[in-house]
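Trainee:
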Amino acid sequence: MSQYSAIPPKERLPEWLRRPLGDASAMERVQQLVKRNGLHTICEEGRCPNRGECYAAGTATFLLGGAICTRSCAFCQVDKGQAPEPINTHEPKRVADAVIAMNLRYVVLTAVARDDLDDHGASLFTSAMAAIRERNPLIAIEVLTPDFWGGHADHAAAVSAQRQRLETVLKAEPVCFNHNLETVQRLQGIVRRGATYARSLALLAASRALAPHIPTKSGLMLGLGETRDEVIATMRDLRAVDCQRVTLGQYLRPSLAHLPVDRYWHPDEFDELGAIARELGFAVVRSGPLVRSSYHAAS
19 MSQYSAIPPK ERLPEWLRRP LGDASAMERV QQLVKRNGLH TICEEGRCPN
69 RGECYAAGTA TFLLGGAICT RSCAFCQVDK GQAPEPINTH EPKRVADAVI
119 AMNLRYVVLT AVARDDLDDH GASLFTSAMA AIRERNPLIA IEVLTPDFWG
169 GHADHAAAVS AQRQRLETVL KAEPVCFNHN LETVQRLQGI VRRGATYARS
219 LALLAASRAL APHIPTKSGL MLGLGETRDE VIATMRDLRA VDCQRVTLGQ
269 YLRPSLAHLP VDRYWHPDEF DELGAIAREL GFAVVRSGPL VRSSYHAAS
């Protein structure tokens with residue numbers, strides 16, 4: 019039981035969740051560039067509170083595969099639908115052009131779930147990585163992928179297909195492979211529709227087996243109804259599959275159509291959980307109310 023009393027969500031956010039947007043000129047410059055090139059970033063689609071800071075620091079997270087996701091996770095701001103946009107064959111070049119124009123040093127590539135594609139979007143990552151490296155091979159690229167699951171009624175065939183899609187991405191040599199559990203095991207069905215706790219852990223384990231030189235990373239949102247003990251148990255499960263990096267941040271409700279916030283965790287609680295994560299053996303830990311998957315990813 020935490021020593022901090024639960025702070026129920028209210029109309030006004032707690033003081034520690036209210037922060038300025040940061041470098042307004044950097045935000046405007048990036049927003050115009052992204053719009054001009056017909057691109058998407060999870061920074062904008064997900065209305066990340068850190069985007070001004072990250073843009074100014076030379077990092078950004080591009081959202082591949084369009085702006086419509088074939089999953090319907092109850093926490094996510096990204097639009098959902100079973101008829102996503104056709105794949106834009108110019109997307110890799112446009113992403114690379116934007117990366118160069120923004121003078122980025124560290125890029126995170128993520129994607130909407132594309133269960134409609136044969137490779138579930140694996141080639142979206144590899145094509146964008148190749149285009150960026152053609153322009154500047156020194157830019158570090160992290161990937162934040164969906165689970166690549168589905169397309170086969172037979173479980174063994176589905177596992178094999180998932181592994182092949184994962185291997186395709188890992189062969190492109192990202193500097194980090196990130197796949198988020200998002201929440202504790204008990205809340206998976208409510209929060210992550212179409213994904214499961216066991217499959218996500220298995221994906222992270224497979225990444226370590228296929229490419230042990232590439233660190234793995236995962237993240238949790240707090241404030242969905244989980245307990246402190248459940249968060250710690252989840253971190254233990256991540257360490258059991260040799261996940262090296264973890265992010266812990268506060269869930270913020272994007273709209274009334276999304277899951278409500280159960281409570282706001284205090285910054286001191288995030289500090290405590292961060293300390294526990296380090297004790298468990300995570301090499302890189304980011305834990306704080308405004309931490310997101312790609313926050314300070316380059317450091």
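Take any residue in the sequence shown, count from 1 to its spot, add 18: that is its number in the working numbering. Where a beta carbon is used, it is the ideal one built from N, C-alpha and C, also for glycine. Model, not experiment: these values are computed from the prediction.
Restricting to runs no shorter than 3 residues, where is the beta strand (DSSP E) found entirely within the region 179-264?
Mentor: 194-196 and 234-240
Trainee: With the cut-off set at 7 Å, would you say Gln206 and Leu240 are in Cβ contact?
Mentor: no
Trainee: Specify whether the region 202-216 and the region 146-161 touch according to this definition: at least 3 beta carbon pairs, one from each stretch, less than 8 Å apart.
Mentor: no
Trainee: Would you tell me roughly how many angstroms separate the C-alpha atoms of Gly169 and Trp34, rounded to the nearest one?
Mentor: Spanning the two alpha carbons is a distance of roughly 43 Å.
Trainee: Does the beta-carbon of Ala78 have 16 or more other beta-carbons within 10 angstroms, so that it is buried, or is it exposed?
Mentor: buried
Trainee: For Arg132 and Lys111, I'd like the C-alpha separation in whole angstroms.
Mentor: 20 Å
Trainee: Can you tell me whether Glu46 is buried or exposed, with buried defined as 16 or more other CB within 10 angstroms of its CB?
Mentor: exposed
Trainee: Measure the C-alpha to C-alpha separation of Val48 and Asn154 and round it to an integer number of angstroms.
Mentor: 19 Å
Trainee: For a cutoff of 7 Å on Cβ pairs, would you count Thr265 as touching chain B?
Mentor: Given the protein chain composition of this structure (a single chain), no chain B is represented.
Trainee: Keeping to the same chain, check which residues put their C-beta closer than 6 Å to that of Cys261; ignore five residues upstream and five downstream.
Mentor: Leu222, Thr234 and Ser236
Trainee: Under a three-way DSSP split, which group does Phe288 fall into?
Mentor: helix
Trainee: Does Val279 come out as helix, strand or coil in the three-state DSSP assignment?
Mentor: coil
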